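In my numbering, the protein residues as written are 1 to 309. These notes are about the structure you will find just below.
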């Protein structure tokens with residue numbers, strides 16, 4: 001999802017030659033393959049958006065896969081990029097790097113100030129390691145490796161897997177199926193009370209390019225020597241219940257929405273402090289409902305052409 005959005009954004013500049021590889025063409029968990037890739041291509045900049053991602057169920061069920069694959073990907077790409085002389089790289093992390101009970105909105109300096117959310121701790125540890133890899137290579141090798149921490153992303157190209165998807169695609173699929181099945185109710189995990197922030201993936205791509213294009217001195221002014229990441233968010237938050245109501249409207253579901261409170265909620269609240277990025281001249285362009293309509297249309301066109309809503 002993020003890689004495709006970055007391609008759309010970068011393709012607006014005809015002077016940029018975009019080099020991509022699918023997982024089938026290049027396994028980033030295999031260091032030898034990554035080394036060969038960099039040795040055979042003259043890469044000037046890297047946008048590292050690859051990773052193993054998923055919702056609460058996937059994180060809780062496959063913790064070893066999440067920590068191993070993400071550590072392997074970022075270690076191999078960052079190290080081999082540096083070894084090949086690539087001086088500029090952007091690492092995409094996640095808002096889950098912050099402590100479960102971090103003050104809201106979450107500022108960049110809350111990193112490592114408390115315990116992580118248990119349900120996605122392995123993934124969060126891997127993303128924190130990615131930030132520290134970039135900082136460490138900058139300090140030792142003089143590279144210009146930057147990190148951005150996005151909030152919950154959604155949009156075209158999302159993962160709509162029944163078990164492994166994040167909340168927005170999961171809800172779009174559930175409610176769409178409920179409409180097709182003429183179901184009178186939908187039951188969701190948790191209480192519906194947790195607060196979340198959502199960002200359209202095209203806004204994330206725009207922010208990524210904006211951060212990458214900043215002069216180094218400007219980027220360093222906005223960060224700190226040992227705290228070099230920047231939050232990327234929309235600045236708005238919604239409860240899961242409010243999101244569910246909005247998704248029901250987008251998909252045409254008119255039945256009851258129920259909540260299974262015996263299932264985990266995850267982190268109570270996750271709102272990014274977006275002031276650093278705003279001060280650097282960037283702001284999002286998508287409203288949530290507009291973005292949900294676009295994401296739903298993409299899902300129907302690519303996965304289910306028997307839309308009944």
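Backbone N, C-alpha and C define an ideal beta-carbon position, used for all residues, glycine too. Please read all numbers here as calculations on a predicted model, not as lab measurements.
| task | Would you mind working out which of 121, 149, 174 and 97 sits nearest residue 299, comparing C-alpha positions? | result | The residue labelled residue 299 in the question sits at position 299 within the chain shown. Checking every option, the nearest Cα to that of residue 299 belongs to 174.
| query | Out of curiosity, what's the CA-to-CA distance linking residue 48 and residue 41? | reply | Taking the first residue of the chain shown as position 1, residue 48 is located at position 48. Taking the first residue of the chain shown as position 1, residue 41 is located at position 41. Roughly 16 angstroms separates the two Cα atoms.
| Sub-8 angstroms separation of residue 287 and residue 233 beta-carbons | Here the question's residue 287 lines up with position 287 in the chain shown. Here the question's residue 233 lines up with position 233 in the chain shown. The answer is no: Cβ separation not under 8 angstroms.
| query | For the 8 angstroms Cβ check, are there 3 or more pairs between the region 67-75 and the region 156-173? | reply | no
| message | Measuring alpha carbon to alpha carbon, tell me which residue in 133, 258 and 131 is nearest residue 189. | response | Numbered from 1 along the chain shown, position 189 holds the residue referred to as residue 189. Taking only the C-alpha atoms, the option nearest residue 189 is 258.
| field | Residues bridged to residue 9 (per DSSP) | value | For the purposes of this step, residue 9 is taken as the residue at position 9 of the chain shown. Answer is none; residue 9 lacks a bridge partner.
| request: State the DSSP-derived secondary structure class of residue 256, mapped to helix, strand or coil. | output: The residue labelled residue 256 in the question sits at position 256 within the chain shown. Note: residue 256 maps to strand in three-state DSSP.
| message | Taking the alpha carbon of residue 83 as the reference point, which residue from 125, 34, 96 and 91 has its own alpha carbon closest? | response | Translated into positions along the chain shown, residue 83 becomes position 83. Minimum Cα distance to residue 83 is reached at 34.
| For residue 118, the nearest candidate out of 99, 143 and 293 (CA to CA) | Locating residue 118 in the chain shown gives position 118, where the first residue counts as 1. Out of 99, 143 and 293, the CA that lies nearest to the CA of residue 118 is found in 99.
| request: Taking only the alpha-carbon atoms, compute the straight-line gap between residue 85 and residue 19 and give it to the nearest angstrom. | output: As a first step, residue 85 is located in the chain shown; it is residue number 85 there, counting from the start. As a first step, residue 19 is located in the chain shown; it is residue number 19 there, counting from the start. If I take the Cα positions, the gap works out to 17 angstroms.
| For residue 150, which beta-bridge partners are listed by DSSP? | Numbered from 1 along the chain shown, position 150 holds the residue referred to as residue 150. The partner list for residue 150 (beta bridge, DSSP) reads 232.
| Where the beta strand (DSSP E) through residue 198 begins and ends | By 1-based counting over the chain shown, the position of residue 198 is 198. Taken as a continuous stretch (DSSP letters only), the beta strand (DSSP E) holding residue 198 covers 198-200.
| query | When the distance is taken between beta carbons, is residue 5 closer than 8 angstroms to residue 205? | reply | In the chain shown, the residue the question calls residue 205 occupies position 205. In the chain shown, the residue the question calls residue 5 occupies position 5. Yes, the Cβ-Cβ distance between residue 205 and residue 5 is below 8 angstroms.
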